[in-house]
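Chains as they are written, first to last, in this note's numbering: chain L, 8 to 207; chain X, 8 to 207. From the three backbone atoms N, C-alpha and C, an ideal C-beta is built for every residue, glycine too.
Protein chains: 2
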Amino acid sequence: MISLIILNNFEIPMQLKFREHIEKIVPLTDEEFSFVSQHFSVKKFKKHQFLIQKGDKSVYSFFIVSGLLKLVYTDDSEKEHIVSFAMEDWWESDYYAFFTQTEATMSLECLEDTEVLCFSFEDYKNLCSGLQKMERFFLEKATFGFLSSQRRIISSMAFSSKERYEQFLKQYPSLIQRIPKSLIASYLGVSRETLSRLSS
Amino acid sequence: MISLIILNNFEIPMQLKFREHIEKIVPLTDEEFSFVSQHFSVKKFKKHQFLIQKGDKSVYSFFIVSGLLKLVYTDDSEKEHIVSFAMEDWWESDYYAFFTQTEATMSLECLEDTEVLCFSFEDYKNLCSGLQKMERFFLEKATFGFLSSQRRIISSMAFSSKERYEQFLKQYPSLIQRIPKSLIASYLGVSRETLSRLSS
């Protein structure tokens, strides 16, 4: 296991955090965690750097060890739409591009200095086929990703701006201090002025 | 296997269809398919009947053998919002209620006479723990459910009414003839008049 630590540049606190994250869903032996670790590499990014840019041909998936990111869809008139924010202990990517092995249509940019563990689609497949309990892990992550997206669809259709803002505050209380108001407004689909009114 | 067919009221064409559906993702032996079948029951519903009603305490998940359904969120002012349509070969439920074992906040209603295979969350857990390849099956379904929801979020934020309508036509060409225009308008988040203009 020591050689793997060196190989992948996994520091001990990061290993513990990552293992704890996985073991919330599936318990792992030391050998299994070593096998899992082999599929990931550590990467560090500075604020404003991109992990994914629209048009990228090879898209990775990221587990966020520390930091904060925005996943953005830019429309034909170059307007940015915030699809999601991602912080510590979250997984993020342009998952359509990742799973269908197509070009990125979104970008993933650091709002803070960020440290991630990253893996390719090939790594994902090898990990799932080599250790079946990781399928259970990713099943739980995909299921709750789906539920979260569906709740967002419902809130965008049926909730007022005020209700959407209150839901955001309740779901992500720690993010309010870390994200510029203009980005929260974009995520909620309201103007900067409306958000000021809601948050005053 | 014969006894299971009788037990669960599975007719042969339905069995073949269901098995083919699963085997698009994971191949099954006869014994495995028999094990899978044990977790499902056949149910038939008439147009306008509800498979789930808001407030239901025990929510099932459904594989649609034939027919058409709408998944609806009703807001506090009793306005209906179409979260999704579901037709043959699709899985549908109030999945938040299903996976978190909480009361239904949505309703699922037949737009046509509908035949489904249904299973409980207990069945889902037993099926996954008893036959690990079904975890792979549900992982693929959950992943593509997540991707589809995320595409819908992006289209509601970044696409015009016209683009959303064209995307719907492209994705679900067969549904246009089967669904009342007023429901398509609700799904797309446009007025009935706007939809008439778009589809003329």
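Please identify the residue among L:Ser100, L:Leu35 and L:Pro34 whose C-alpha is closest to the C-alpha of Glu116 (chain L).
It is L:Ser100 whose Cα lies nearest to the Cα of Glu116 (chain L).
Going by DSSP, which residues form a beta bridge with Phe175 (chain X)?
The partner list for Phe175 (chain X) (beta bridge, DSSP) is empty, contrary to what the question assumes.
Step through the CB atoms of chain L and report whether any lies within less than 8 Å of the CB of Ser90 (chain X).
The identity of residue 90 (chain X) in the sequence shown is Val, whereas the question assumes Ser. For Val90 (chain X), the answer is yes, since a Cβ of chain L falls inside 8 Å of its Cβ.
Closer than 8 Å, Cβ to Cβ, to anything on chain L: give me those residues from the segment 154 to 177 of chain X, in chain order.
Residues Leu154, Ser156, Gln157, Arg158, Arg159, Ile160, Ile161, Ser163, Met164, Ala165 and Phe166.
Step through the CB atoms of chain X and report whether any lies within less than 8 Å of the CB of Phe106 (chain L).
yes
One question on the structure: do Tyr172 (chain L) and Leu202 (chain L) come within less than 8 Å of each other, judged by their Cβ atoms?
yes
Whether or not the segment 24 to 40 of chain X and the segment 69 to 79 of chain X are in contact is what I'm after, with contact meaning three or more pairs of Cβ atoms, one per stretch, closer than 8 Å; do they touch?
Three or more pairs of CB atoms, one per stretch, sit closer than 8 Å, so the segment 69 to 79 of chain X contacts the segment 24 to 40 of chain X.
Compare the C-beta of Ser203 (chain X) against all C-beta atoms of chain L and say whether one is closer than 8 Å.
no
Label Lys77 (chain L) either buried or exposed according to how many other C-beta atoms from any shown protein chain fall within 10 Å of its C-beta, with 16 as the threshold for buried.
Buried: at least 16 other Cβ atoms inside 10 Å.
Taking the beta strand (DSSP E) that Ser114 (chain L) belongs to, which residues open and close that run?
Met113 to Cys117
Hey, quick one: how far does the alpha helix (DSSP H) through Ile191 (chain X) stretch, first residue to last?
If you look at Ile191 (chain X), you'll find it in the alpha helix (DSSP H) that goes Lys188 to Leu195.
Report the neighbours of Asp130 (chain L) on chain X: residues whose CB is nearer than 9 Å to its CB, in chain order.
Those do not exist, as Asp130 (chain L) stays about 16 Å from chain X at its closest Cβ, beyond 9 Å.
My understanding is that Ala111 (chain L) touches Lys61 (chain L), with C-beta atoms under 8 Å, so please give their C-beta distance in whole angstroms.
6 Å
Compute the distance between the beta-carbons of Leu182 (chain X) and Phe57 (chain X), then report whether it is under 8 Å.
no
Using DSSP's beta-bridge definition, name the partner residues of Val66 (chain X).
In the DSSP output, where bridge partners are listed per residue, Val66 (chain X) has none listed.
So Glu147 (chain X) is in the alpha helix (DSSP H); what residue range does that whole segment cover?
Lys140 to Ala165
So, for Leu205 (chain L): in the same chain, excluding its five sequence neighbours on each side, which residues have a beta-carbon less than 7 Å away from its beta-carbon?
Ser168, Lys169 and Tyr172
Looking at the structure shown, is His88 (chain L) part of a helix, part of a strand, or coil, going by DSSP?
strand
Can you confirm whether Ala93 (chain X), when its beta carbon is compared against all beta carbons of chain L, has any partner nearer than 8 Å?
no
Does Arg143 (chain X) get closer than 8 Å to chain L when you measure Cβ to Cβ?
yes
What did DSSP end up calling Glu122 (chain X) once you bin it into helix, strand or coil?
In the three-state DSSP reduction, Glu122 (chain X) falls in the strand class (E or B).
For a contact defined as C-beta to C-beta under 7 Å, what are the partners of Asp82 (chain X) on chain L?
Ala165
Whose C-alpha, out of X:Phe47, X:Leu146, X:Val66 and X:Phe166, is nearest the C-alpha of Tyr80 (chain L)?
X:Phe166
Could you give the DSSP three-state label for Val33 (chain X): helix, strand or coil?
coil
Return the CA-CA distance between Ile191 (chain X) and Cys125 (chain L), expressed in angstroms with no decimal places.
40 Å
Interface residues of chain X around Gly152 (chain L) at Cβ under 7 Å?
Phe153
Within the 8 Å Cβ cut-off, does Ala192 (chain X) reach chain L?
no
Give me the Cα-Cα distance between His55 (chain X) and Arg185 (chain X), rounded to the nearest whole angstrom.
14 Å
Over what stretch of residues does the beta strand (DSSP E) that includes Lys77 (chain X) continue unbroken?
First-last of the beta strand (DSSP E) with Lys77 (chain X): Leu75 to Thr81.
Please work out which residues of its chain come closer than 6 Å, Cβ to Cβ, to Ser10 (chain L), disregarding the five sequence neighbours upstream and downstream, and give them in chain order.
Confidence is the limiting factor: at Ser10 (chain L) the pLDDT is only 37, short of 50, which leaves the residue's position unreliable, though a coordinate-based value still follows. Counting only Cβ-Cβ distances below 6 Å, and skipping sequence neighbours, we find nothing.
Would Ala149 (chain X) count as contacting chain L if we go by Cβ distances under 8 Å?
yes
Three-state secondary structure (DSSP) at Arg26 (chain L)?
helix
Compare the C-alpha of Trp98 (chain L) against each of L:Leu118, L:Ser68, L:Glu30 and L:Thr109 and name the closest.
L:Ser68
Could you tell me which chain X residues have their CB closer than 8 Å to the CB of Tyr67 (chain L), listed as they occur along the chain?
The CB of Tyr67 (chain L) never comes closer than 8 Å to any CB in chain X; the least such distance is about 16 Å.
So, at 7 Å on beta carbons, what are the nonlocal neighbours of Glu147 (chain L) in its own chain, with the 5 sequence-adjacent residues on each side left out?
Ile32
If you compare alpha carbons, which of X:Met113, X:Gln174, X:Gln45 and X:Cys135 is closest to Asp82 (chain X)?
It is X:Met113.
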